[in-house]
Amino acid sequence: MRIAVVGTGYVGLVTGAGFADFGHDVTCVDIDETRVQKLRTGEVPFYEPGLHDLIKRNTTLERLRFTTKTAEAVAGAQIAFIAVGTPSSPDGSANLQYVLDAAKAIGEALTGFTVIVTKSTVPVGTGDKVREVVKAVAKHPFAVASNPEFLKEGDAVNDFRKPARIVVGVDDPKALDVLREAYRGIVRTNDRLHVMDVRSAEITKYASNCMLATRISFMNELSRLCEMVGADIEAIRKGMGADPRIGNKFLFAGAGFGGSCFPKDLRALVNTAQGHDVALGVVEAAVRANERQKKLLGEKVLAHFHGNLNGKRIAIWGLAFKPETDDIRESPALVTIEQLQKAGATISGYDPEAMPNIKAQLGTTIELCKDAYTAASGADAVVLVTEWHELRNPELNRLKSVMKSPVLFDGRNVWSPEEVRAAGFTYYGIGRP
Ligand SMILES: NC(=O)c1ccc[n+]([C@@H]2O[C@H](COP(=O)([O-])OP(=O)(O)OC[C@H]3O[C@@H](n4cnc5c(N)ncnc54)[C@H](O)[C@@H]3O)[C@@H](O)[C@H]2O)c1
29 MRIAVVGTGY
39 VGLVTGAGFA
49 DFGHDVTCVD
59 IDETRVQKLR
69 TGEVPFYEPG
79 LHDLIKRNTT
89 LERLRFTTKT
99 AEAVAGAQIA
109 FIAVGTPSSP
119 DGSANLQYVL
129 DAAKAIGEAL
139 TGFTVIVTKS
149 TVPVGTGDKV
159 REVVKAVAKH
169 PFAVASNPEF
179 LKEGDAVNDF
189 RKPARIVVGV
199 DDPKALDVLR
209 EAYRGIVRTN
219 DRLHVMDVRS
229 AEITKYASNC
239 MLATRISFMN
249 ELSRLCEMVG
259 ADIEAIRKGM
269 GADPRIGNKF
279 LFAGAGFGGS
289 CFPKDLRALV
299 NTAQGHDVAL
309 GVVEAAVRAN
319 ERQKKLLGEK
329 VLAHFHGNLN
339 GKRIAIWGLA
349 FKPETDDIRE
359 SPALVTIEQL
369 QKAGATISGY
379 DPEAMPNIKA
389 QLGTTIELCK
399 DAYTAASGAD
409 AVVLVTEWHE
419 LRNPELNRLK
429 SVMKSPVLFD
439 GRNVWSPEEV
449 RAAGFTYYGI
459 GRP
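Residue 261 in this note's numbering sits at position 233 of the sequence shown, and the numbers go up by one each step.
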């Protein structure tokens, strides 16, 4: 099957390379010429485990190609996936310009019946807008479907190969047949296709992200109560998570959620609901709780140093919005850094993958170091914001010997307070006594 994928970001590239690996003939298109040039020479523009090998194998087998011309990708394709960004507009709504531009370019490029599928996260009703835009320019029949993406950055290749579910929103049985055929190899052992109407599929994506984010905000708020009453959020998390009705995922209190999806998707769903005079109070509260939570680590550091960080050097461990990615969009680390700098601190930082992106955004305003211990050298405190594996078990004696004063702020509750305190550190976690 010939497949076109429009947009070569985290979603587009994983989708394109993933479908190619299942034997389809895929052309990915992007308006960013530099990105396409890099992809053609085998360079992956961001860090995603396993993706480099997947792209290399499938380009070598000539099942995966890259172009800047939508017409080249769409000609002869049975499916055209739209996987471009839907960033937040200033009012919180999803900016659909990239999606509608891509839809128009696909419409102009059609050479026969094609199923145009939005993989981007789009507000309810976008399917109709895509249909209108395509209809205005198309000279061939087409169908519009929704197939929202649920991959997790950091584990995206596995998510593509073994998705928990594939949500397909269709109004046209022919479109469903084509999508079933595309996903046949992936759902061979277990048909995880959830077929529904386009509008429900569009909302399923937002509902999922809002539910996951709400769980995190719930635990974060609870962790603040724990701190006031001397309870331990980690014990509570385990006690709650053992209930199969609750489950143990997404119950970690911490420095708040960030990334390119949760914050913007919550804002967008709230915006959609407001447009229909519907109150989504729970989601609004999850957003507010997260805004507060992202400031918590900075507030703890400030409280420890009595509000004055002049002359202090603070090391930030982990800069990406979560481990196993180099994505820093809305990363809590950015909020902490800004707070500490405003209070007069000098910041050193370390992240296994995100430092080039941090450098591009913050320039030389923070000192980026080759490893965690170099970042901690001469520091008055270390603040762990992102729990990369390599940061979970620091050599405590070595760490203490390089720091100016042994103070640790554990923004993800990954260290043992007892062990760390026994080694002579002052320890602050989230919601722990
Ligand atoms: N990143 C994730 O973890 C994730 C997971 C699930 C869903 N999503 C959703 O998927 C969508 C894409 O996210 P992403 O993180 O991959 O985005 P991204 O910002 O990493 O990449 C988007 C790409 O689209 C390209 N593009 C923009 N307009 C184009 C056009 N008209 N034609 C061709 N290319 C164009 C851009 O140059 C860019 O390379 C968003 O709606 C996002 O919410 C993202």
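The beta carbon of each residue, even a glycine, is placed where N, CA and C say it ideally should be. Note that the coordinates shown come from a computational prediction; the quantities given were computed from them, not determined experimentally.
Bridge-paired residues (DSSP) for residue i
i, result
"Gly377", "Ile344 and Leu396"
"Met224", "Gly197"
"Ile264", "Note: Ile264 sits in no beta bridge, so no partner."
"Ala122", "Ser116"
For residue j and residue i, the rounded distance between their alpha carbons
i, j, result
"Asn385", "Pro201", "44 Å"
"Leu325", "Leu41", "34 Å"
"Val206", "Thr36", "22 Å"
"Phe188", "Thr43", "7 Å"
"Ser10", "Gly377", "Outside the modelled stretch of the chain, which goes from 29 to 461, sits residue 10, for which no answer is possible."
"Pro169", "Gly135", "10 Å"
"Leu92", "Gly182", "22 Å"
"Asn186", "Gln302", "36 Å"
"Val196", "Glu177", "10 Å"
"Tyr75", "Lys340", "32 Å"
"Thr55", "Trp416", "34 Å"
"Glu352", "Lys167", "44 Å"
"Ala283", "Ile344", "13 Å"
"Ala313", "Thr300", "16 Å"
"Arg449", "Leu330", "20 Å"
"Val127", "Ala103", "19 Å"
"Gly113", "Asn276", "31 Å"
"Ile497", "Gly286", "Nothing in the structure corresponds to residue 497, since the chain is present only between 29 and 461."
"Phe141", "Ala108", "11 Å"
"Leu124", "Phe246", "30 Å"
"Ala25", "Val315", "Because the chain spans 29 through 461 in this model, residue 25 falls outside it and cannot be assessed."
"Ala270", "Thr242", "19 Å"
"Pro77", "Leu390", "25 Å"
"Met72", "Thr454", "For the sequence presented, residue 72 should be read as Val rather than Met. Their Cα atoms are separated by approximately 41 Å."
"Asn338", "Phe47", "53 Å"
"Val39", "Ala111", "6 Å"
"Leu240", "Phe278", "6 Å"
"Ala101", "Arg208", "21 Å"
"Ala45", "Lys180", "16 Å"
Residue i, enclosing alpha helix (DSSP H) - first and last residue
i, result
"Val215", "No alpha helix (DSSP H) holds Val215; DSSP gives it neither H nor E."
"Met383", "Met383 to Leu390"
"Asp438", "Segment Val435 to Asp438 is the beta strand (DSSP E) holding Asp438; no alpha helix (DSSP H) there."
"Ala317", "Gly309 to Lys322"
"Phe19", "Since the displayed the chain opens at 29 and closes at 461, residue 19 lies outside it and no answer follows."
"Gly303", "Phe290 to Gly303"
"Ile356", "Neither: Ile356 is in no alpha helix (DSSP H) and is coded neither H nor E."
"Arg470", "Examination of residue 470 is not possible in this model, given that the chain is present from 29 through 461 alone."
"Lys370", "Pro360 to Lys370"
"Lys428", "Leu424 to Val430"
"Glu100", "Thr98 to Val102"
Bounding residues of the beta strand (DSSP E) (the contiguous stretch that carries residue i)
i, result
"Asp53", "Asp53 to Val57"
"Tyr455", "Thr454 to Tyr456"
"Ala409", "Ala409 to Leu412"
### Message
In chain order, what are the residue ranges of uninterrupted beta strand (DSSP E) at least 3 long that sit wholly in the region 130-193?
### Response
142-146 and 170-174
### Query
Whole alpha helix (DSSP H) runs in the region 29-94 with 4 or more residues, listed along the chain?
38-49, 61-68 and 79-88
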